[in-house]
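Have a look at the structure below, then the notes.
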Amino acid sequence: TSGSFLYNAALGWYVLQVTGSAAAVGLAFTMTGLPVLLLSPHAGVLTDRFGARAMLMASFAALSMVGVIQGIVALGGSPPYLAVLGLALLFGIGQTIGAPASVAIAQQRVRAQAVASARGWTVLALERCRLIGGVPRGVLVATTTTSLAFSLAAILFAFPVVVLLWVHTTTTHALDDRPSASLLGPLTEAFRYATSHPTLGVLIILAIAPGAIGLSYVYMLPVAAEELGLAAAGPGLPRAAAGVAQLVLLT
Numbered sequence: 007t008s009g010s011f012l013y014n015a016a017l018g019w020y021v022l023q024v025t026g027s028a029a030a031v032g033l034a035f036t037m038t039g040l041p042v043l044l045l046s047p048h049a050g051v052l053t054d055r056f057g058a059r060a061m062l063m064a065s066f067a068a069l070s071m072v073g074v075i076q077g078i079v080a081l082g083g084s085p086p087y088l089a090v091l092g093l094a095l096l097f098g099i100g101q102t103i104g105a106p107a108s109v110a111i112a113q114q115r116v117r118a119q120a121v122a123s124a125r126g127w128t129v130l131a132l133e134r135c136r137l138i139g140g141v142p143r144g145v146l147v148a149t150t151t152t153s154l155a156f157s158l159a160a161i162l163f164a165f166p167v168v169v170l171l172w173v174h175t176t177t178t179h180a181l182d183d184r185p186s187a188s189l190l191g192p193l194t195e196a197f198r199y200a201t202s203h204p205t206l207g208v209l210i211i212l213a214i215a216p217g218a219i220g221l222s223y224v225y226m227l228p229v230a231a232e233e234l235g236l237a238a239a240g241p242g243l244p245r246a247a248a249g250v251a252q253l254v255l256l257t
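In the working numbering, the protein residues as written are 7 to 257.
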């Protein structure tokens, strides 16, 4: 969402301002990604039990609260680095609990024959947001304070909660009496399933490789901006330049 892109743009520059360390920036974004690795299977189970609408509302509400708290913390100066990492972890948890629901809600809102098309339009909207948002996101971070950027991200997260209040989906699954799974249980089960289906395992590797090797450059743009002497503009100019280039290439 636009809120996530804006939050990530502000977080990298804010951590660099507070710590002056490229490693600290990388660790902060590692904390946002850690819940995806450990909690995604559990988020899927919760979505089955409580429904996509409820999980999406919980996700966006949590992300909005983190944005508000982060904005207040940034306004107050330089907090302990552990507090920044804790908020980054909470942000990652908020994103993770809503990820399966963002896919499942399409199945609950459209006919079975139109699920693939609905999911395609969802992905298309996300990519348009990612590409077009590069310019305003970069300008915003470059021309305002990180506190204001975090606060605006919180507003963007709150908007979907209001929209979802009017969205009706199918009946959620009832809670059962099965014991809760361990933290690593769903992960090991998913690993065994992937290894028993080689094609799926290859697809997973292909999905992981770009993020591990190439996409991480986005998170280190604040460091690059600092080294290039763009401290006054922060990472906003590189992000804006990336957004302009993507728009030109797609035109």
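Every residue gets a Cβ at the ideal spot worked out from N, C-alpha and C, and that includes glycine.
Please read these numbers as outputs of a predicted model, since none were measured by experiment.
Would you check if the region 62-72 and the region 86-106 touch, i.e. whether three or more CB-CB distances between them fall below 8 Å?
Yes: the two stretches touch, three or more of their Cβ pairs being nearer than 8 Å.
Span of the alpha helix (DSSP H) holding H258?
Because the chain spans 7 through 257 in this model, residue 258 falls outside it and cannot be assessed.
Endpoints, the alpha helix (DSSP H) within which T151 is located
First-last for T151: undefined, no H or E at that position.
Pick from F156, T205, E233 and V42: whose alpha carbon is nearest that of G104?
Closest option to G104, Cα to Cα, is V42.
L234 in three-state terms, based on DSSP
Note: L234 maps to coil in three-state DSSP.
Relative to the C-alpha of V229, which residue among D54, A28 and L40 is closest?
If we check each option's Cα against that of V229, A28 comes out closest.
Please go through the same chain and pick out, in chain order, the residues whose beta-carbon is closer than 7 Å to the beta-carbon of A200, but skip the five residues on each side of it.
A distance below 7 Å between beta-carbons, with the five flanking residues on each side excluded, links A200 to the following residues of its chain, in chain order: L206, G207 and I210.
With DSSP as the reference, label L171 as helix, strand or coil.
Of the three classes helix, strand and coil, the one that applies to L171 here is coil, per DSSP.
Helix, strand or coil at S84 [DSSP, three-state]
Three-state result, S84: coil.
Spell out a yes or no on whether the region 52-66 and the region 82-89 are touching, meaning 3 or more CB-CB pairs, one atom from each, closer than 8 Å.
Verdict: no, contact absent.
Drop a sphere of 10 angstroms on the beta-carbon of P166, count the other beta-carbons inside from all chains shown, and report buried for 16 or more, exposed for fewer.
Buried is the call here.
Using the Cα positions of G77 and G92, report the straight-line distance between them to the nearest angstrom.
A direct Cα-Cα distance of roughly 14 Å separates G77 from G92.
Terminal residues of the continuous alpha helix (DSSP H) containing V21?
V21 -> alpha helix (DSSP H) spans S8 to T25.
So, for T102: in the same chain, excluding its five sequence neighbours on each side, which residues have a beta-carbon less than 7 Å away from its beta-carbon?
If we look at T102 and ignore the five residues flanking it on each side, its Cβ neighbours are P41, V42, L45, S46 and A49.
S153 vs A80 beta-carbon contact at 8 Å:
Yes.
By Cβ distance, which residues of its chain are closer than 7 Å to T25, with the 5 residues on each side in sequence left out?
Taken in chain order, the residues that qualify are Y87.
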